[in-house]
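Trainee: Handing you a structure now.
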Amino acid sequence: MPELPEVETVRRGLEPAMVGARFSRVTLRRPNLRFPFPERFAERLEGRTVTALARRAKYLTAHLDSGESLIMHLGMSGRFDVALPDGSNVSPGDFYLEGALGNARHDHVVMALNSGATITYNDARRFGFMDLVPTDALAACRHFAAMGIEPLGDELTGATIARLFRHRITPLKAALLDQRLIAGLGNIYVCEALHRARLHPQAPAGTLAGPDGSPTRGANALAKAIKTVLTEAVAAGGSTLRDYAHPDGGAGAFQHSFRVYDRAGLVCTAKGCRGHVSRIVQSGRSTFFCEVCQRP
DNA sequence: CGACGCACCTGGGTGC
DNA sequence: TGCACCCAGGTGCGTC
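All letters in the first sequence, in the order written, are residues 1 to 296 by UniProt numbering.
Okay, here's the thing in structure tokens:
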């Protein structure tokens with residue numbers, strides 16, 4: 001699913017259609033996604049105006065004039081389609097091929113706005129979900145209460161990584177995927193960040209902290225690599241998998257900048273490195289890295 | 001508390 | 001052509 005850069009791309013694409021608009025009619029095509037929709041979901045949206053559309057990690061939050069916020073998570077395959085009154089269509093951060101993944105039978109939520117635009121949520125695998133919580137209690141809600149720091153915020157430094165990872169024996173890959181520590185990274189950008197920082201994905205996370213808890217060079221390099229790769233990916237409009245080009249510019253282009261992800265067997269692109277990209281499985285998920293330039 | 005495996009779903013690709 | 005099997009961007013829960 002969309003990781004932080006893809007969710008941010010979706011946010012920017014939805015913002016002009018959603019903010020300032022009022023929900024005139026909300027239709028649920030099924031009672032649940034990954035979780036049941038909250039009580040009276042449609043009724044609590046209808047008649048409400050969106051005052052802001054924000055992002056926290058991989059979550060979108062639409063703030064409403066009712067004092068509640070609509071929380072949206074795209075899971076692995078969630079996507080939005082915006083049909084504008086003039087008949088044009090936009091799929092902000094449309095990271096999937098046309099066809100089955102975009103099949104209308106997976107249109108689960110249809111939100112008609114008073115502007116005449118219609119926003120449709122489509123999610124083939126239904127790992128996504130939506131929720132409604134009081135805006136002033138967002139940070140304490142069950143989705144956000146235990147969530148880690150924003151990787152693009154000022155909090156992410158080598159010192160912070162050293163503090164968060166100290167004493168942990170879990171592999172770096174797993175620590176970076178743990179949303180309770182740093183929130184927003186997923187499989188792609190963890191692989192890319194570790195490669196840029198030249199760190200081995202199987203190295204124990206705790207090795208990024210010195211005996212006194214101070215950040216190692218690797219911790220500082222990792223903080224920098226995370227920020228760089230995420231910033232570049234956001235600027236590229238995220239990544240689009242399954243090599244297709246979307247004519248209306250709805251798709252991102254960062255997949256062309258992958259250095260290791262989904263490049264098993266290909267030559268490492270690091271300067272002066274003659275290695276090849278390896279694929280291993282960590283906690284059931286693919287890890288791509290270069291054994292030559294990424295050292296424990 | 002930390003670490004790990006599995007569960008939740010559908011669809012695409014591959015190889016026999 | 002059919003079918004079995006593996007893979008996929010995430011997260012939550014039960015179990016040691």
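Note that CB positions come from ideal geometry on N, CA and C, so glycine has one too.
Relative to the alpha-carbon of E3, which residue among A137, R105, T170 and E150 has its alpha-carbon at the smallest distance?
Mentor: Comparing Cα positions, the closest option is E150.
Trainee: Can you find the residues in the same chain that come closer than 7 Å, C-beta to C-beta, to R30, ignoring five residues on each side of it along the sequence?
Mentor: Closer than 7 Å at the Cβ level, and outside the excluded window around R30, lie H108.
Trainee: With a Cβ-Cβ cutoff of 7 Å, do A270 and A209 count as a contact?
Mentor: No, they are not a contact pair.
Trainee: By the 10 Å Cβ neighbour count, where 16 or more other Cβ atoms means buried, how is V267 classified, buried or exposed?
Mentor: Exposed, since its Cβ has fewer than 16 Cβ neighbours within 10 Å.
Trainee: Throw me the rounded Cβ distance for the R48 and S66 pair, which I believe falls under 8 Å.
Mentor: 5 Å between Cβ atoms; contact.
Trainee: Could you tell me the distance, in whole angstroms, from the CA atom of S286 to the CA atom of V190?
Mentor: C-alpha separation (whole angstroms): 11 Å.
Trainee: Going by the DSSP bridge assignment, what does L132 pair with across the sheet?
Mentor: Note: L132 sits in a beta bridge opposite L70.
Trainee: Please work out which residues of its chain come closer than 6 Å, Cβ to Cβ, to G158, disregarding the five sequence neighbours upstream and downstream, and give them in chain order.
Mentor: Counting only Cβ-Cβ distances below 6 Å, and skipping sequence neighbours, we find P215, A219, N220 and A223.
Trainee: Any idea what DSSP makes of S91, helix, strand or coil?
Mentor: Note: S91 maps to coil in three-state DSSP.
Trainee: Where in the segment 179–240 do unbroken runs of the alpha helix (DSSP H), each at least 4 residues long, occur, reported from the N-terminal end onward?
Mentor: Whole alpha helix (DSSP H) segments, 4+ residues: 187–196 and 217–235.
Trainee: Quick check on this structure: which residue in L199, V234 and L177 has the alpha carbon closest to the alpha carbon of R217?
Mentor: Considering only alpha carbons, the answer is L199.
Trainee: For H167, count neighbouring C-beta atoms within 10 Å of its own C-beta (all shown protein chains included) and say buried if the count is 16 or more, exposed if not.
Mentor: Counting Cβ neighbours within 10 Å, H167 comes out exposed, since fewer than 16 surround it.
Trainee: If you reduce the DSSP assignment to three classes, tell me which class H167 lands in.
Mentor: DSSP places H167 in coil when its eight states are reduced to three.
Trainee: Can you list, in chain order, the residues of its chain whose CB lies under 8 Å from that of L156, leaving out five sequence neighbours each side?
Mentor: Only I149, E150, I182, A223, I226 and K227 meet the Cβ criterion.
Trainee: Distance, Cα to Cα, D248 vs N89?
Mentor: Residue placement at D248 is flagged as unreliable, the pLDDT there being 45, under the threshold of 50; the coordinate-derived value follows with that caveat. Approximately 9 Å between the Cα atoms of the pair.
Trainee: Could you have a look at Q294 and say whether DSSP puts it in helix, strand or coil?
Mentor: Correct three-state label for Q294: coil.
Trainee: Using the C-alpha atoms, what's the distance from G237 back to P296?
Mentor: Rounded to whole angstroms, P296 to G237 spans 32 Å at the Cα level.
Trainee: Given this structure, state the Cα-to-Cα distance separating T160 from D154, to the nearest angstrom.
Mentor: Rounded to the nearest angstrom, the two C-alpha atoms are 10 Å apart.
Trainee: Counting Cβ pairs closer than 8 Å, one from the segment 19–29 and one from the segment 80–87, do we hit at least three?
Mentor: No, the segment 19–29 is not in contact with the segment 80–87.
Trainee: State buried or exposed for A124, treating a residue as buried only when at least 16 other CB atoms are found within 10 Å of its CB.
Mentor: With 16 or more Cβ atoms within 10 Å of its Cβ, A124 is classed as buried.
Trainee: Short check: CB of F254 to CB of A233, under 7 Å?
Mentor: The answer is yes: Cβ separation under 7 Å.
Trainee: R25 by DSSP, collapsed to three states: which one?
Mentor: The answer is strand: DSSP assigns R25 an E or B state.
Trainee: Quick one: using the 10 Å Cβ neighbour count with 16 as the cut-off for buried, is M76 buried or exposed?
Mentor: The residue in question, M76, is exposed, as its Cβ has fewer than 16 Cβ neighbours within 10 Å.
Trainee: In chain order, what residues of the same chain lie with their CB nearer than 7 Å to the CB of C293, ignoring the 5 residues before and after it?
Mentor: If we look at C293 and ignore the five residues flanking it on each side, its Cβ neighbours are R198, C268, A270, C273 and G275.
Trainee: Just confirm the distance between the C-beta atoms of P92 and L230, as a whole number of angstroms; I'd bet it's less than 8 Å.
Mentor: Rounded, the Cβ-Cβ distance is 18 Å, inconsistent with contact.
Trainee: Let me confirm a value: H256 is counted as buried when at least 16 other C-beta atoms fall within 10 Å, else exposed. Which label applies?
Mentor: It counts as exposed.
Trainee: DSSP three-state label for A100, please.
Mentor: Unreliable positioning characterises A100 in this predicted model, as indicated by a pLDDT of 45, which lies under 50. The coordinate reading is nonetheless provided below. DSSP places A100 in helix when its eight states are reduced to three.
Trainee: Let me confirm a value: E291 is counted as buried when at least 16 other C-beta atoms fall within 10 Å, else exposed. Which label applies?
Mentor: Per the 10 Å Cβ criterion, exposed.
Trainee: In angstroms with no decimal places, state the Cα-to-Cα distance between G184 and G213.
Mentor: Straight-line Cα distance between these residues: approximately 24 Å.
Trainee: Please report the Cβ distance between residue 298 and R11, rounded to the nearest whole angstrom; I am assuming they are in contact, meaning their Cβ atoms lie under 8 Å.
Mentor: This structure leaves residue 298 out entirely; the chain is present only between 1 and 296.
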